[in-house]
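Here is the structure we will look at, set down as C-alpha coordinates.
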Amino acid sequence: MRNHRQNLGKVGEDIAVEYCMKLGYSIIDRHYTTRFGEIDIISKEAEEVVFIEVKSRCTNSFGAPEEAVTDNKINRIIKTAEVFLADHPEVSEYRIDVIVVRFRLDIFTHLIKHIKGIGISEAKNHEIDTY
(Lines of atoms letter the chains of each structure in order from A and count residues from 1; the text may use other names and numbers.)
(Lines give C-alpha, C1' and ligand atoms only; values in the text may rest on other atoms or scores of the structure.)
Protein backbone atom coordinates (compact mmCIF):
# COMPACT_ATOMS: atom_id res chain seq x y z
CA MET A 1 0.00 0.00 0.00
CA ARG A 2 1.32 3.43 -0.91
CA ASN A 3 1.85 6.10 1.69
CA HIS A 4 1.02 9.80 1.27
CA ARG A 5 4.55 10.69 0.12
CA GLN A 6 4.57 7.95 -2.54
CA ASN A 7 1.12 8.99 -3.78
CA LEU A 8 2.21 12.63 -3.95
CA GLY A 9 5.33 11.61 -5.86
CA LYS A 10 3.37 9.55 -8.38
CA VAL A 11 0.85 12.31 -8.98
CA GLY A 12 3.70 14.83 -9.35
CA GLU A 13 5.45 12.60 -11.88
CA ASP A 14 2.20 12.16 -13.85
CA ILE A 15 1.78 15.96 -13.93
CA ALA A 16 5.42 16.35 -15.05
CA VAL A 17 4.89 13.85 -17.88
CA GLU A 18 1.76 15.69 -19.02
CA TYR A 19 3.65 19.02 -18.85
CA CYS A 20 6.53 17.62 -20.93
CA MET A 21 4.17 16.22 -23.54
CA LYS A 22 2.42 19.60 -23.83
CA LEU A 23 5.84 21.13 -24.54
CA GLY A 24 6.36 18.61 -27.34
CA TYR A 25 8.72 16.24 -25.55
CA SER A 26 8.38 12.55 -26.28
CA ILE A 27 8.57 10.22 -23.30
CA ILE A 28 11.16 7.48 -23.68
CA ASP A 29 10.95 5.85 -20.24
CA ARG A 30 9.75 6.31 -16.68
CA HIS A 31 11.41 5.00 -13.53
CA TYR A 32 14.59 3.96 -15.36
CA THR A 33 16.54 2.08 -12.71
CA THR A 34 20.13 0.87 -12.45
CA ARG A 35 22.31 -0.13 -9.51
CA PHE A 36 23.25 3.54 -9.20
CA GLY A 37 19.73 4.88 -8.82
CA GLU A 38 16.57 5.86 -10.66
CA ILE A 39 15.69 8.53 -13.17
CA ASP A 40 12.05 9.55 -12.91
CA ILE A 41 11.53 10.45 -16.57
CA ILE A 42 13.64 10.09 -19.68
CA SER A 43 12.32 12.19 -22.54
CA LYS A 44 13.40 13.70 -25.81
CA GLU A 45 13.12 17.33 -26.86
CA ALA A 46 14.00 17.64 -30.55
CA GLU A 47 17.31 15.75 -30.79
CA GLU A 48 18.25 16.11 -27.11
CA VAL A 49 17.59 13.41 -24.53
CA VAL A 50 16.42 14.90 -21.23
CA PHE A 51 16.87 13.07 -17.92
CA ILE A 52 14.31 14.49 -15.51
CA GLU A 53 14.20 14.40 -11.71
CA VAL A 54 10.75 15.27 -10.35
CA LYS A 55 10.25 16.73 -6.88
CA SER A 56 6.72 17.16 -5.51
CA ARG A 57 5.75 18.99 -2.34
CA CYS A 58 2.73 20.44 -0.57
CA THR A 59 4.75 22.55 1.86
CA ASN A 60 8.26 23.88 2.36
CA SER A 61 8.49 22.32 5.83
CA PHE A 62 11.59 20.43 4.79
CA GLY A 63 12.91 23.16 2.49
CA ALA A 64 12.18 23.99 -1.11
CA PRO A 65 11.72 20.87 -3.25
CA GLU A 66 14.63 21.71 -5.53
CA GLU A 67 16.92 21.83 -2.48
CA ALA A 68 16.39 18.06 -2.19
CA VAL A 69 18.38 17.65 -5.42
CA THR A 70 21.75 17.55 -3.71
CA ASP A 71 25.17 17.05 -5.29
CA ASN A 72 24.97 13.41 -4.19
CA LYS A 73 21.60 13.01 -5.95
CA ILE A 74 22.94 14.70 -9.10
CA ASN A 75 25.92 12.33 -9.11
CA ARG A 76 23.58 9.32 -8.87
CA ILE A 77 21.48 10.71 -11.74
CA ILE A 78 24.64 11.22 -13.83
CA LYS A 79 25.84 7.65 -13.17
CA THR A 80 22.40 6.28 -14.03
CA ALA A 81 22.27 8.42 -17.19
CA GLU A 82 25.70 7.11 -18.19
CA VAL A 83 24.31 3.55 -18.14
CA PHE A 84 21.43 4.64 -20.39
CA LEU A 85 23.86 6.44 -22.73
CA ALA A 86 26.13 3.39 -22.92
CA ASP A 87 23.11 1.37 -24.09
CA HIS A 88 22.16 4.12 -26.58
CA PRO A 89 25.38 5.20 -28.35
CA GLU A 90 23.33 7.12 -30.92
CA VAL A 91 22.55 9.77 -28.28
CA SER A 92 24.96 12.68 -28.55
CA GLU A 93 23.01 15.51 -26.93
CA TYR A 94 21.56 15.30 -23.45
CA ARG A 95 20.90 17.26 -20.30
CA ILE A 96 19.52 16.83 -16.79
CA ASP A 97 16.47 18.83 -15.72
CA VAL A 98 14.50 19.13 -12.50
CA ILE A 99 10.75 19.62 -12.54
CA VAL A 100 9.24 20.82 -9.28
CA VAL A 101 5.52 20.32 -8.71
CA ARG A 102 4.13 22.37 -5.82
CA PHE A 103 0.62 21.46 -4.81
CA ARG A 104 -1.64 24.26 -3.61
CA LEU A 105 -4.15 22.34 -1.56
CA ASP A 106 -6.02 25.48 -0.53
CA ILE A 107 -7.10 26.09 -4.13
CA PHE A 108 -6.77 22.52 -5.47
CA THR A 109 -4.13 23.28 -8.07
CA HIS A 110 -0.39 23.02 -8.62
CA LEU A 111 2.52 25.10 -9.87
CA ILE A 112 5.34 23.77 -12.03
CA LYS A 113 8.91 25.00 -11.97
CA HIS A 114 11.21 23.63 -14.67
CA ILE A 115 14.95 23.97 -14.09
CA LYS A 116 16.87 23.05 -17.24
CA GLY A 117 20.43 21.81 -17.54
CA ILE A 118 21.58 21.09 -14.00
CA GLY A 119 24.84 19.44 -13.04
CA ILE A 120 26.44 19.26 -16.47
CA SER A 121 28.30 22.53 -16.91
CA GLU A 122 30.64 24.09 -14.41
CA ALA A 123 28.95 27.45 -14.97
CA LYS A 124 25.58 26.00 -13.89
CA ASN A 125 23.64 28.46 -16.02
CA HIS A 126 20.05 27.34 -15.59
CA GLU A 127 17.03 28.26 -17.63
CA ILE A 128 14.02 28.32 -15.29
CA ASP A 129 10.43 28.28 -16.48
CA THR A 130 7.52 28.59 -14.05
CA TYR A 131 3.94 27.62 -14.93
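Taking my numbering, the leading residue of the sequence shown gets 7, the next gets one more, and so forth.
For every residue, glycine included, the Cβ atom is placed at its ideal position computed from N, Cα and C.
Asked	Found
Ranges of the beta strand (DSSP E) found wholly within the stretch 40-64, counting only runs of at least 3	43-51, 54-63
Of the residues Tyr38, Leu14, Val75, Arg36, the one placed nearest Ile121, counting alpha carbons only	Val75
Neighbourhood of Glu53 by C-beta distance below 6 Å, restricted to the same chain and skipping five residues each side	Glu99
Closest by C-alpha distance to Phe90, when choosing among Asp20, Ser32, Gly43, Gly125	Gly43
N- and C-terminal bounds of the alpha helix (DSSP H) containing Phe109	Here Phe109 belongs to no alpha helix (DSSP H); instead the beta strand (DSSP E) covers 100-110.
Proximity to Glu96 [Cα-Cα], best of Val55, Ile118, Glu73	Val55
Residue(s) in a DSSP beta bridge with Thr86	Answer is none; Thr86 lacks a bridge partner.
Cβ-Cβ distance between Val60 and Glu19 below 9 Å	yes
Below-9 Å beta-carbon distance, Pro71 vs any chain D residue	Protein chain content of the structure displayed is limited to a single chain, and chain D is not contained in it.
Coil, strand or helix - Tyr25 by DSSP	helix
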